[in-house]
Amino acid sequence: MTIELAGIELFGFHGVLEAERTQGQRFLVDLDLTLDGEAATAAAASDRIVALGRPVLVGVSRKSTLARVLGDDGPVGTDAASVGAAVAAFDRGATVLRVHDVRPHVEALAAAAAVERGSIVV
Amino acid sequence: MGIVNVTPDSFSDGGSFRSAVEAAAAAQAMLDAGAALVDVGGESTRPNADPVSLDEELGRVLPVLEALPGRPLSVDTSRAEVARSALALGAVMVNDVTALRGDPKLAEVVADAGVDVCLMHMRGTPRTMQDAPRYDDVVSDVTSFLEERIAFAVEAGIAEDRICVDPGIGFGKTPDHNLELLRRLDRIVSLGRPVLVGVSRKSTLARVLGEPGAVGSDAASVGAAVAAFDRGAALFRVHDVRPHVEALAAAAAVERGSVLA
């Protein structure tokens, strides 16, 4: 995924020379940020998606990206890695998690939600 | 960090082993499952636990360390004598639930050996800590305590970069205290030292799921560990190592936004 920010223009009194600090000058910035990997897209974009203002569903359960993370070439991620990714998504604002192994997700997300509240009572 | 307790304690959270042989096998299995460290202890710190004698503690812990030369082991003790013997057998870290308050000689042992130390917050002692714990503000109180203990350790000659801190989930705290500490873990992280969290199978997690029991589930433990990771925790003291390794690897990859570390 690439993030491009072009044409940022700033005026500042910053520099090594005395004139730069008294008279100031324009700074022009173009940024190209590149992230790789499948997970990058999901992670970097998640708050953008939450910002759409609709509940965000994440389906990362057993996906091969999770196998890659553990150095495994196979097509199926483990249930524990799925739980880890689901909680990470919850902590970034996801509210609906599409999963295979329900009970561990229920328990882990209940714990993560209690941490977010800072209390037992909902 | 895997948990191995050598204790006949009947409290069954699964981290306890009756013999050194069993305990050593369990520790090795945890390392094989991806634990970076295994914490070996001979004195139960569960609520209402009675203290054990020095000889009893030495007799429980040392045979486990002797059986595992060259492995990355931490010794869970508050006693200078136990720490000294464990470090001589190759332990790389001292995990002290009293934060160097229990034995006046422990700080010097750690300083002389130049090893890592973990300083934990606890209100009272394991025998008394759950008697109606109260705080003005649990997060501020625990943070101030750990800050003071870091200063004490440094004053005693322990290098600051050898110190990690632990808010002591379940040690003199109500379930809400524990959850509030995790929610605002950034305050403790801001002390600038690695933060260790031990929430694995703690009863607060059973409460969260509406269960009356004393032992939280492994899945809830994993959920709480990842939530702590997302708030800056760096070390996790756990019973069921492999699921934590996999879940935290996934959470760390999400934090990076890439597969490559």
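Chains A and B, in that order, are what the protein sequence lines are. Residue numbering for the first sequence follows this note's numbering, beginning at 1 and increasing consecutively. Residue numbering for the second sequence follows this note's numbering, beginning at 1001 and increasing consecutively. Just so you know, even glycine gets a beta-carbon here, dropped at the ideal spot from N, CA and C.
Below 7 Å CB to CB, which residues in the same chain sit around residue i once its five sequence neighbours on both sides are set aside?
i         : result
A:ALA81   : LEU66, VAL69 and LEU70
B:ARG1184 : VAL1139
B:VAL1259 : ALA1253
A:GLY93   : SER46, ASP47, VAL50 and VAL56
So, helix, strand or coil for residue i, using DSSP?
i         : result
A:ARG26   : strand
B:GLY1223 : helix
B:PHE1017 : strand
A:ALA40   : Interpretation of A:ALA40 is limited by its pLDDT of 49, a score under 50 that renders its predicted location unreliable; the figure taken from the coordinates is listed afterwards. Helix.
A:GLY120  : Checking the sequence, you will find Ile at residue 120 of chain A rather than Gly. If DSSP states are grouped into helix, strand and coil, A:ILE120 belongs with coil.
B:THR1098 : coil
A:ASP47   : helix
A:GLU4    : strand
B:ASP1137 : coil
B:GLU1043 : coil
B:ASN1048 : coil
A:GLY84   : helix
B:SER1074 : strand
A:PHE90   : helix
B:PHE1236 : strand
A:GLU9    : strand
B:ILE1163 : strand
B:LEU1087 : helix
B:ASP1032 : helix
B:ASP1230 : helix
B:LEU1205 : helix
B:VAL1259 : coil
A:LEU57   : strand
A:LEU97   : strand
A:GLY77   : coil
A:ARG62   : coil
B:GLU1211 : coil
B:ASP1176 : helix
B:PHE1145 : helix
A:ALA113  : helix
Quickly, what does DSSP pair residue i with across the bridge? List them, please.
i         : result
B:ARG1092 : The sequence as given places Val at residue 1092 of chain B; Arg does not occur at that position. According to DSSP, which records beta bridges pairwise, B:VAL1092 is partnered with nothing at all.
B:GLU1081 : Paired residue(s): none; B:GLU1081 is not in a bridge.
B:VAL1004 : B:VAL1040
B:ASP1116 : B:MET1093
B:ILE1150 : In DSSP, B:ILE1150 forms no bridge with anything.
B:LEU1196 : B:LEU1235
A:ASP32   : A:GLU4
Mind checking residue i: buried by the 16 CB within 10 Å criterion, or exposed?
i         : result
A:HIS105  : buried
B:ASP1127 : Note that residue 1127 of chain B is Arg in the sequence shown here, rather than Asp. Classification of B:ARG1127: exposed, given that the 10 Å Cβ count is below 16.
B:PHE1017 : buried
B:ILE1169 : buried
A:ALA40   : Caution applies to A:ALA40, whose pLDDT of 49 falls short of 50 and renders its modelled position unreliable; the value that the coordinates give is listed next. Per the 10 Å Cβ criterion, buried.
A:VAL121  : exposed
B:PRO1212 : exposed
B:ARG1237 : buried
B:GLU1160 : exposed
B:THR1204 : buried
B:PRO1069 : exposed
B:GLY1157 : exposed
A:LEU52   : exposed
A:ILE3    : exposed
A:GLU20   : exposed
B:GLY1114 : exposed
Output needed for residue i: all residues of its chain with C-beta closer than 8 Å, excluding positions within five of it in sequence on either side, in chain order.
i         : result
A:LEU109  : ALA86, VAL87, PHE90 and LEU97
B:ASP1186 : ARG1231 and GLY1232
B:GLY1102 : SER1078, ARG1079 and ASP1096
B:LEU1191 : THR1143, LEU1146, GLU1147, ILE1150 and VAL1165
Suppose the cutoff is 6 Å on Cβ atoms and the five residues either side in sequence are ignored; what does the same chain contact list for residue i look like?
i         : result
B:ASP1116 : MET1093 and ARG1162
A:ASP30   : ALA6
A:GLY74   : ALA67
A:HIS14   : none
B:ILE1188 : THR1143, PRO1167 and VAL1195
B:LYS1105 : ALA1080
A:HIS100  : SER61 and ARG62
A:GLY77   : ARG62, LYS63, LEU66 and ALA67
B:ARG1193 : ILE1163, CYS1164 and VAL1165
Can residue i be considered in contact with the ligand COA, in the sense that its beta carbon sits closer than 7 Å to one or more heavy atoms?
i         : result
B:THR1077 : Although the ligand COA was asked about, the structure shown includes no ligands whatsoever.
Requested in this report: Could you tell me whether the segment 1233 to 1249 of chain B touches the segment 81 to 91 of chain A, using the rule of 3 or more Cβ pairs below 8 Å?
Outcome: yes
Query raised in the report: Does the count of Cβ pairs from the segment 1129 to 1147 of chain B and the segment 1106 to 1118 of chain B closer than 8 Å reach three?
Result: no
Query raised in the report: If you pair each beta-carbon of the segment 1084 to 1092 of chain B with each one of the segment 1059 to 1071 of chain B, do three or more pairs fall below 8 Å?
Result: yes
Requested in this report: Determine, using beta-carbon pairs with one atom in the segment 1073 to 1083 of chain B and one in the segment 1033 to 1053 of chain B, whether at least three such pairs fall under 8 Å.
Outcome: yes
Requested in this report: Count the C-beta pairs between the segment 1017 to 1034 of chain B and the segment 1208 to 1227 of chain B that are closer than 8 Å, then say yes if the count reaches three, no if not.
Outcome: no
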